[in-house]
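Enquirer: In our numbering, the protein residues as written are 79 to 645.
For every residue, glycine included, the Cβ atom is placed at its ideal position computed from N, Cα and C.
Note that the coordinates shown come from a computational prediction; the quantities given were computed from them, not determined experimentally.
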């Protein structure tokens with residue numbers, strides 16, 4: 079850790095020109111009466127703002143300022159510093175690297191507090207500085223949640239009746255299981271899992287039964303992170319509680335089920351989609367979290383470079399055509415379609431969607447969700463939409479020939495149709511539709527653009543640093559012709575949990591169909607033929623887009639290599 083500066087706060091502030099000697103004397107006089115720390119006195123007397131004090135300490139001590147409101151905590155670290163110590167010394171554990179523990183402090187000049195943390199944790203200590211309000215909120219948030227979870231676990235494990243439930247799940251009376259699932263400790267634990275997931279920005283919660291344990295994992299920025307897990311005997315009560323909230327049948331444990339519910343968490347309206355799947359050790363549960371209070375993105379916020387954004391906007395502002403977003407599950411296709419709708423939505427347009435499920439609601443858009451049990455599929459829904467005088471139609475997914483044919487006919491009769499398709503790249507969308515049995519001339523006449531995409535983790539802006547990659551890596555990237563290429567990476571910091579990455583962006587490949595590609599599509603072309611024509615027309619492949627974003631310092635080189643094929 080940086081050497082402790084033995085200077086006092088008042089001297090630092092005078093040297094920095096923040097206060098005068100007279101103001102310091104005034105504050106010291108008041109401090110002797112109140113017994114509070116000098117910084118708090120200066121703020122209370124309106125001599126300085128807390129931000130000014132923090133910035134001065136950061137510059138003088140050469141330690142970073144951390145915004146705890148956006149920080150994700152490793153729950154294991156709360157075991158290193160007990161809550162009473164964290165509150166007493168106003169200190170918060172950020173992350174650990176080998177034997178070095180990085181902590182945030184309100185007063186990094188408190189040498190006694192630092193020594194106490196070193197003694198308790200048996201770690202070397204690195205410092206960061208934060209505001210008092212942020213620190214208090216962080217302790218309340220993370221230690222509070224941890225305490226509630228531990229209390230819930232303790233309350234449930236003390237219930238003797240839970241032991242036979244874990245061993246004899248199939249013979250348990252359903253009414254008894256329902257009663258246990260609605261006990262206060264179980265409700266509290268499930269609620270706390272949801273709160274923690276929302277606070278940490280998780281997109282999914284995984285509840286995974288193992289032979290002797292119950293694993294909990296959160297998906298954050300596309301990567302699964304293991305969380306504190308309850309004991310095995312809580313498996314049935316916890317899963318049953320989630321199924322009750324999702325209006326599922328808790329008696330059915332051997333068949334997959336789907337459900338959903340909405341909750342309000344810290345001012346956010348969150349929609350939660352739930353899926354159960356029977357496994358050898360019990361039902362696996364995955365919950366997808368959708369923040370309904372988040373504003374929908376426009377095309378300028380999903381990661382499109384200016385040239386690609388302009389090309390796509392030109393296509394979607396036409397009154398008719400068929401635009402497809404393609405990519406594997408979780409690649410951001412639906413987000414892209416919502417961004418397209420958000421761009422072209424207006425009172426002059428009648429926009430209708432058929433989705434599975436509706437992820438975000440939009441003003442001025444009539445949205446419907448498929449219901450196969452009631453006979454509402456993508457195909458039947460699309461037929462019905464055509465009788466609703468639509469201008470723009472969004473179909474959640476092209477799954478079969480019937481839906482593809484109706485969507486294409488809709489595009490050919492003066493509608494703009496948006497949908498998704500599972501292909502690995504843009505040119506493959508053309509061949510995929512033909513392989514589904516759609517006539518080549520219909521595909522050629524209707525498809526106006528294909529947007530293929532992936533999601534890549536962005537470099538953390540708080541710890542971004544330039545570096546020169548090895549010759550071997552440059553050869554693999556096809557960058558050997560560049561002189562003195564400089565790429566970027568995140569070295570890891572408290573803001574990104576020492577991962578070097580924070581947030582995600584799209585990697586895109588936008589194929590706009592011109593006369594040449596249209597003519598080729600008529601003859602059932604191969605992938606290579608369409609790719610060559612698309613590149614000739616100006617299409618940048620996902621590989622090229624990833625390389626360009628690595629050179630611009632948006633994503634790391636390693637991420638570019640991971641997200642798209644670089645052979």
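1. Are there 16 or more other CB atoms within 10 angstroms of the CB of residue 299, so buried, or fewer, so exposed?
2. Since residue 353 sits in a beta bridge, which residues does DSSP pair it with?
3. Using a Cβ-Cβ cut-off of 7 Å (strictly less than) and excluding sequence neighbours within five positions of residue 310, which residues of its own chain qualify?
4. What does a CB cutoff of less than 6 Å around residue 85 pick up in its chain, not counting 5 residues either side in sequence?
5. How long is the line joining the alpha carbons of residue 598 and residue 172, rounded to whole angstroms?
6. Can the beta-carbon of residue 536 be found less than 8 Å from the beta-carbon of residue 582?
7. Taking 8 Å as the threshold (C-beta atoms), are residue 167 and residue 194 in contact?
8. In terms of residues, what are the limits of the alpha helix (DSSP H) holding residue 188?
9. Can you tell me which of the three DSSP states residue 564 falls into?
10. Among residues of its own chain, excluding the 5 on either side of residue 248, which ones have a beta-carbon nearer than 8 Å to its beta-carbon?
11. Which ranges does the beta strand (DSSP E) cover as unbroken runs of at least 3 residues, wholly within the stretch 97-185, from first to last along the chain?
12. Do the CB positions of residue 443 and residue 456 come within less than 8 Å of each other?
13. When you compare only the Cα positions, how much space is there between residue 274 and residue 359?
14. Does the stretch 549-566 come close enough to the stretch 514-521 to have 3 or more Cβ pairs within less than 8 Å?
15. Kindly indicate the opening and closing residues of the alpha helix (DSSP H) around residue 484.
16. Looking at the structure shown, is residue 346 part of a helix, part of a strand, or coil, going by DSSP?
17. State whether the stretch 553-561 contacts the stretch 609-617, with contact taken as three or more CB pairs (one from each stretch) at a distance under 8 Å.
18. Quick check on residue 542: does DSSP put it in helix, strand or coil?
19. Over what stretch of residues does the beta strand (DSSP E) that includes residue 633 continue unbroken?
20. Less than 8 Å between the CB atoms is what I'm expecting for residue 440 and residue 423, so what's the real figure, rounded?
21. Touch check for the stretch 464-478 and the stretch 491-498: three-plus C-beta pairs under 8 Å?
22. Grab me the residues of residue 210's own chain with a C-beta within less than 6 Å of its C-beta, minus the 5 sequence neighbours each way, in chain order.
23. I'd like to confirm the pairing. Which residues does DSSP put opposite residue 497 in its beta bridges?
24. By DSSP's criteria, residue 282 is part of a beta bridge. Which residues make up the other side?
25. Leaving out the 5 sequence neighbours to the left and right, which residues in its chain are closer than 6 Å to residue 353 when beta-carbon positions are compared?
26. Rounded to whole angstroms, what's the CA-CA distance from residue 545 to residue 566? Just pull it up for me.
27. Could you spell out the range, first to last residue, of the alpha helix (DSSP H) harbouring residue 88?
28. Determine, using beta carbons only, whether residue 144 and residue 198 come nearer to each other than 8 Å.
29. Within the same chain, show all residues whose beta-carbon is closer than 8 Å to that of residue 241, passing over the 5 residues directly before and after it, in chain order.
30. Can you name the residues that DSSP bridges to residue 536?
31. Please classify residue 601: is it buried, with 16 or more other beta-carbons within 10 angstroms of its beta-carbon, or exposed?
32. Measuring alpha carbon to alpha carbon, tell me which residue in 450, 488 and 115 is nearest residue 466.
33. Report the residue from 513, 454, 99 and 401 whose alpha carbon sits nearest the alpha carbon of residue 524.
34. Quick one: is residue 318 buried, meaning 16 or more other Cβ sit within 10 Å of its Cβ, or exposed?
35. Please list, in chain order, all residues of the same chain as residue 527 whose beta carbon is under 6 Å from its beta carbon, the five residues on each side excluded.
Expert: The relevant details are as follows:
1. Position 221 of the chain shown holds residue 299. With 16 or more other Cβ atoms within 10 Å, it is buried.
2. If you number the chain shown from 1, residue 353 lands on position 275. Note: residue 353 sits in a beta bridge opposite 336 and 364.
3. What you label residue 310 is simply residue 232 of the chain shown in a count that begins at 1. 244, 290, 291 and 292.
4. Taking the chain shown and counting its residues from 1, the one referred to as residue 85 is at position 7. Scanning its chain for C-beta atoms nearer than 6 Å, with the 5 sequence neighbours on each side dropped, one finds no residue around residue 85.
5. Within the chain shown, numbered from 1, the residue matching residue 598 stands at position 520. Within the chain shown, numbered from 1, the residue matching residue 172 stands at position 94. Distance between residue 598 and residue 172, taken at the CA atoms: about 57 Å.
6. Against the chain shown, residue 536 aligns to sequence position 458. Against the chain shown, residue 582 aligns to sequence position 504. Cβ atoms of residue 536 and residue 582: closer than 8 Å.
7. In the chain shown, counting from the first residue as 1, residue 194 sits at position 116. In the chain shown, counting from the first residue as 1, residue 167 sits at position 89. Contact: yes.
8. Position 110 of the chain shown, counting from 1, holds the residue named residue 188. Here residue 188 belongs to no alpha helix (DSSP H), and DSSP marks it neither H nor E.
9. For the purposes of this step, residue 564 is taken as the residue at position 486 of the chain shown. In this structure, residue 564 counts as coil in the three-state DSSP scheme.
10. Taking the chain shown and counting its residues from 1, one reaches residue 248 at position 170. Residue placement at residue 248 is poorly supported in this model, since its pLDDT is 47, which falls under 50; the coordinates still yield a value, given next. Counting only Cβ-Cβ distances below 8 Å, and skipping sequence neighbours, we find 331.
11. Complete beta strand (DSSP E) runs here, min 3: 169-175 and 178-183.
12. Taking the first residue of the chain shown as 1, we reach residue 443 at position 365. Taking the first residue of the chain shown as 1, we reach residue 456 at position 378. Contact flag unset, no.
13. The residue labelled residue 274 in the question sits at position 196 within the chain shown. The residue labelled residue 359 in the question sits at position 281 within the chain shown. So the two alpha carbons sit approximately 26 Å from each other.
14. No, because fewer than three Cβ pairs between the stretch 549-566 and the stretch 514-521 fall closer than 8 Å, the two stretches do not touch.
15. Taking the first residue of the chain shown as 1, we reach residue 484 at position 406. Here the alpha helix (DSSP H) through residue 484 covers 479-490.
16. Within the chain shown, the letter at position 268 stands for residue 346. Judged by DSSP in its simplified three-state form, residue 346 adopts strand.
17. Under the 8 Å Cβ criterion, the stretch 553-561 does not count as touching the stretch 609-617, having fewer than three qualifying pairs.
18. Here residue 542 refers to the residue found at position 464 of the chain shown. If DSSP states are grouped into helix, strand and coil, residue 542 belongs with the strands.
19. As a working mapping, residue 633 is identified with position 555 in the chain shown. For residue 633, there is no enclosing beta strand (DSSP E), as DSSP marks it with neither H nor E.
20. To locate residue 440, count along the chain shown from 1; it is residue 362. To locate residue 423, count along the chain shown from 1; it is residue 345. The Cβ separation is near 7 Å, so the contact holds.
21. Short answer: they touch.
22. Here the question's residue 210 lines up with position 132 in the chain shown. 184, listed in sequence order.
23. Along the chain shown, read from residue 1 onward, the residue named residue 497 stands at position 419. Answer is 402 and 473.
24. Counting from 1 along the chain shown, the entry for residue 282 is found at position 204. Beta-bridge pairing links residue 282 to 297 and 366.
25. Along the chain shown, one-based indexing puts residue 353 at 275. Correct list, in chain order: 336 and 364.
26. The residue you call residue 545 lines up with position 467 of the chain shown. The residue you call residue 566 lines up with position 488 of the chain shown. Between residue 545 and residue 566, the C-alpha separation is close to 6 Å.
27. Within the chain shown, numbered from 1, the residue matching residue 88 stands at position 10. Start and end: 87-93.
28. By one-based count along the chain shown, residue 144 stands at place 66. By one-based count along the chain shown, residue 198 stands at place 120. No, these two residues do not count as a Cβ contact at 8 Å.
29. Residue 241 sits at position 163 when you count from the first residue of the chain shown. Because the pLDDT at residue 241 is just 43, under 50, the model does not fix this residue reliably, and the value given afterwards should be weighed accordingly. The residues 311, in chain order, have a CB closer than 8 Å to that of residue 241 in the same chain once the five nearest residues on each side in sequence are set aside.
30. Numbered from 1 along the chain shown, position 458 holds the residue referred to as residue 536. Paired residue(s): 633.
31. Reading the chain shown from its first residue, position 523 is the one you call residue 601. Here residue 601 is exposed: its Cβ has fewer than 16 other Cβ atoms, across all protein chains shown, within 10 Å.
32. In the chain shown, residue 466 corresponds to position 388, counting from 1. For the residues 450, 488 and 115, the minimum Cα distance to residue 466 belongs to 488.
33. Within the chain shown, residue 524 is the residue found at index 446, counting from 1. Relative to residue 524, the option among 513, 454, 99 and 401 whose CA is nearest is 401.
34. The residue labelled residue 318 in the question sits at position 240 within the chain shown. Residue 318 is classed as buried because its beta carbon has at least 16 other beta carbons within 10 Å across all chains shown.
35. Start at 1 with the first residue of the chain shown, and residue 527 comes out as number 449. If you ignore the 5 residues before and after residue 527, its C-beta comes within less than 6 Å of the C-beta of 393, 401 and 590, all in its own chain and listed in chain order.
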